[in-house]
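Protein chains in written order, with our numbering: chain A, 53 to 302; chain B, 53 to 302. No residue lacks a Cβ here, since even glycine has one placed at the ideal position from N, Cα and C.
2 protein chains.
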Amino acid sequence: MAEAEKKISYQRALMGLRERILTGTLAVGDRVSEVALARDLGVSRTPVREAMAELVEQGLLERMPTGGCMVRSLTRADVVDGIELRGTIEGLACRLAAERGVPEMRLTACDAILAKIDGALGPGSEHTDFESYMQLNARFHQALGGLSDSAVVLKELDRVTAMPMAGPSAFLQGQALIPQTLRSLFVAQDHHRAIVEAIRHREGARAEALAREHARLALRNLDFFLGEGARHAERIPGISLVAGAKVLEA
Amino acid sequence: MAEAEKKISYQRALMGLRERILTGTLAVGDRVSEVALARDLGVSRTPVREAMAELVEQGLLERMPTGGCMVRSLTRADVVDGIELRGTIEGLACRLAAERGVPEMRLTACDAILAKIDGALGPGSEHTDFESYMQLNARFHQALGGLSDSAVVLKELDRVTAMPMAGPSAFLQGQALIPQTLRSLFVAQDHHRAIVEAIRHREGARAEALAREHARLALRNLDFFLGEGARHAERIPGISLVAGAKVLEA
DNA sequence: GTCGCGGTGAATGTATACAAATATTGGAAC
DNA sequence: GTTCCAATATTTGTATACATTCACCGCGAC
Numbered sequence: 053m054a055e056a057e058k059k060i061s062y063q064r065a066l067m068g069l070r071e072r073i074l075t076g077t078l079a080v081g082d083r084v085s086e087v088a089l090a091r092d093l094g095v096s097r098t099p100v101r102e103a104m105a106e107l108v109e110q111g112l113l114e115r116m117p118t119g120g121c122m123v124r125s126l127t128r129a130d131v132v133d134g135i136e137l138r139g140t141i142e143g144l145a146c147r148l149a150a151e152r153g154v155p156e157m158r159l160t161a162c163d164a165i166l167a168k169i170d171g172a173l174g175p176g177s178e179h180t181d182f183e184s185y186m187q188l189n190a191r192f193h194q195a196l197g198g199l200s201d202s203a204v205v206l207k208e209l210d211r212v213t214a215m216p217m218a219g220p221s222a223f224l225q226g227q228a229l230i231p232q233t234l235r236s237l238f239v240a241q242d243h244h245r246a247i248v249e250a251i252r253h254r255e256g257a258r259a260e261a262l263a264r265e266h267a268r269l270a271l272r273n274l275d276f277f278l279g280e281g282a283r284h285a286e287r288i289p290g291i292s293l294v295a296g297a298k299v300l301e302a
Numbered sequence: 053m054a055e056a057e058k059k060i061s062y063q064r065a066l067m068g069l070r071e072r073i074l075t076g077t078l079a080v081g082d083r084v085s086e087v088a089l090a091r092d093l094g095v096s097r098t099p100v101r102e103a104m105a106e107l108v109e110q111g112l113l114e115r116m117p118t119g120g121c122m123v124r125s126l127t128r129a130d131v132v133d134g135i136e137l138r139g140t141i142e143g144l145a146c147r148l149a150a151e152r153g154v155p156e157m158r159l160t161a162c163d164a165i166l167a168k169i170d171g172a173l174g175p176g177s178e179h180t181d182f183e184s185y186m187q188l189n190a191r192f193h194q195a196l197g198g199l200s201d202s203a204v205v206l207k208e209l210d211r212v213t214a215m216p217m218a219g220p221s222a223f224l225q226g227q228a229l230i231p232q233t234l235r236s237l238f239v240a241q242d243h244h245r246a247i248v249e250a251i252r253h254r255e256g257a258r259a260e261a262l263a264r265e266h267a268r269l270a271l272r273n274l275d276f277f278l279g280e281g282a283r284h285a286e287r288i289p290g291i292s293l294v295a296g297a298k299v300l301e302a
């Protein structure tokens, strides 16, 4: 251990490995060598092993039958299922919140975030403050999950959100400069409002259906960046893992 | 490493620790000591650490803020949410299977398992072959999840099934000798048939709703063994983790 | 030329050693 | 008797050492 880098080695290993996978430094199918990584990251094999186990859980790595791991290859179907899964669990959280009831105060807190998102969006596509939007969108989704008041559901939601390209912020970096996908942000915000309203009125089925449909917005973005928008794909973290994605690497 | 126990140390650690938690050898709230466990299990700390990480993921252990783990305390609400979560993901798997279509051959294979379950159940409650029923029920649920043809969904289903008392076989050991809960097996089998039929007819919404309702059968069993059936609770693995459960320990 | 096989090297899985952090216990002061 | 503090002892987190297993490579036989 050196001088200033005494920050928990495990965290360094996790972030370092995750970045190397998402940026494509480690190509799909590559075997991840513990010793090489430990050397590069300046930590020992032990925290590297723990980080690898975590990323296997998150679906970024795949255990090889013989031992060791390789960078997992994702198909479009995998990402689609991940998005559907996220929508389903967000839907569960919203349904439970609606059915079990949520104190008005916490709903008001959600409204406050939504008002700020309105501010960040601005009147038209040219005035969007993207940095703020991304943060606020993430905060809203986290708050929404919390409304279920269920640690079990929340933990599972965190898991599926961590899956590559399945989270609610997965495509925002790419949408920033592309008017085509920008419009969907207004639709998304409408979903947000309707979901909170449904929970407030104890409409469980409506809240669930809305949450699912909301997640499916990501499907359009996925196909855009896998197809005609491929030249902007390098802005989408992790899309290089998808088999057939044409990412222009530096 | 000794003579014959050269079986993968990690597996030994995982099973040993899991058993100690489920049987209550390690009481709820106890700090799990790595060194003590390593000594007792005859392995080193390394595989013990990995096993602990895995059980944290499964929800049997809880990380302490200061470091290390303790046996997690479950509330009834936690188990209820776990069951609801399992039903939701099984529902997703069934809906996807119905919507995307499944070759008739694989549905026939499910029918075959169901026929065997009928055989194990017998004509009345007195003739039930429980050993067979448990195995076949687990096989059916696994086959059902597989119909979705989605590795992502299947993996998540495996996860929630591993959660304490959330799996489809969690209460079967207890139901064996109690006529009261035995009747629900016939209801469960009716659900099984209806789910396969719904998938065969591409009725996604129906398949999903049935799968959810099917999981909720476990709720009745949970409350039975937490209440009037408490004296049979020692047959339910893991129920000692639930705060307020009155398990008569040996 | 292709297939099979043995050897060598590297990689993982496991065990142990070390250091920083934390819990505990004993004692002293109030 | 209670509370605070300090010294000790244990615990975790990390690093390294060891051994078994796996993979790759070259060589020989068919």
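Expressed to the nearest angstrom, what Euclidean distance is found between the alpha-carbon atoms of Arg272/B and Asp181/B?
22 Å
If you draw a straight line from the alpha carbon of Ala302/A to that of Leu126/B, how long is it in whole angstroms?
Legend: pLDDT at Ala302/A = 40, less than 50; position of this residue unreliable, value from coordinates given subsequently. Cα to Cα, the separation comes out at about 50 Å.
Taking buried to mean at least 16 other C-beta atoms within 10 Å of its own C-beta, is Met104/A buried or exposed?
buried
CB-CB length for Ala165/B against Ala267/B, believed under 8 Å
Inspection of the sequence shows that residue 165/B is occupied by Ile rather than by Ala. Actually they do not touch by this definition, with Cβ atoms about 18 Å apart.
How far does the beta strand (DSSP E) with Leu196/A in it extend, from its first residue to its last?
Premise fails: Leu196/A lies in the alpha helix (DSSP H), 182 to 198, not in any beta strand (DSSP E).
Compile a chain-ordered list of the residues in the segment 120 to 140 of chain B whose CB is closer than 8 Å to at least one CB of chain A.
Under the 8 Å Cβ criterion, the segment 120 to 140 of chain B contributes Ala129, Asp130, Asp133, Gly134, Glu136, Leu137, Thr140.
Quick one: what does DSSP say Arg124/A is sitting in, helix, strand or coil?
Looking at Arg124/A - three-state DSSP - the assignment turns out to be coil, as it is neither helix nor strand.
Taking Cβ-Cβ distances below 7 Å as the criterion, which residues of the segment 185 to 202 of chain A are in contact with chain B?
Ser202
Closest Cβ-Cβ distance between Glu102/A and chain B: below 9 Å?
yes
Is it the case that the Cβ atoms of Gly120/B and Arg83/B are separated by a distance below 9 Å?
Yes, these two residues count as a Cβ contact at 9 Å.
Should the segment 213 to 223 of chain A be regarded as contacting the segment 182 to 191 of chain A, the criterion being three or more beta carbon pairs within less than 8 Å?
yes
Contacts of Glu109/A in chain B (Cβ-Cβ under 8 Å)
Glu109
Starting from Val84/A, follow its DSSP beta bridges and name the residues at the other end.
Paired residue(s): Cys121/A.
Between the segment 135 to 155 of chain B and the segment 100 to 117 of chain B, can you find at least three pairs of beta-carbon atoms closer than 8 Å?
No contact exists between the segment 100 to 117 of chain B and the segment 135 to 155 of chain B.
Any C-beta of chain A sitting closer than 9 Å to the C-beta of Glu208/B?
Closer than 9 Å: yes.
Which one of Leu107/B, Gly81/B, Gly174/B has the shortest CA to CA distance from Leu66/B?
Cα-wise, what sits closest to Leu66/B is Leu107/B.
Which value, in whole angstroms, describes the spacing of the CA atoms of Ala214/B and Ala263/B?
18 Å
Continuous alpha helix (DSSP H) stretch holding Arg245/B: start and end:
236 to 252
Look up Leu74/B in the DSSP assignment and say whether it is helix, strand or coil.
helix
Three-state secondary structure (DSSP) of Val294/B:
strand
Short-range partners of chain B found in the segment 68 to 88 of chain A, where Cβ spacing is below 9 Å
Those would be none; no residue qualifies.
Any beta carbon of chain B sitting closer than 9 Å to that of Arg283/A?
False, the Cβ-Cβ gap to chain B never drops below 9 Å.
Cα separation between Leu173/B and Glu142/B?
23 Å
Stretch pair the segment 206 to 213 of chain A + the segment 223 to 243 of chain A: three plus CB contacts closer than 8 Å:
no
So, at 6 Å on beta carbons, what are the nonlocal neighbours of His179/A in its own chain, with the 5 sequence-adjacent residues on each side left out?
none
Three-state secondary structure (DSSP) of Leu112/B
coil
Below 9 Å between beta carbons: does that hold for Leu293/A and Val132/A?
no
Euclidean distance between Cα positions of Val87/A and Glu102/A:
About 13 Å.
Identify, in the order they occur along the chain, each residue of the same chain with its Cβ nearer than 7 Å to the Cβ of Ser184/B, setting aside the five sequence neighbours on each side.
Ala172
The segment 193 to 202 of chain A / the segment 193 to 200 of chain B touching (three or more Cβ pairs under 8 Å):
no
From Asp170/B to Glu255/B, what does the alpha carbon distance come to, in whole angstroms?
The alpha-carbon separation between Asp170/B and Glu255/B amounts to approximately 24 Å.
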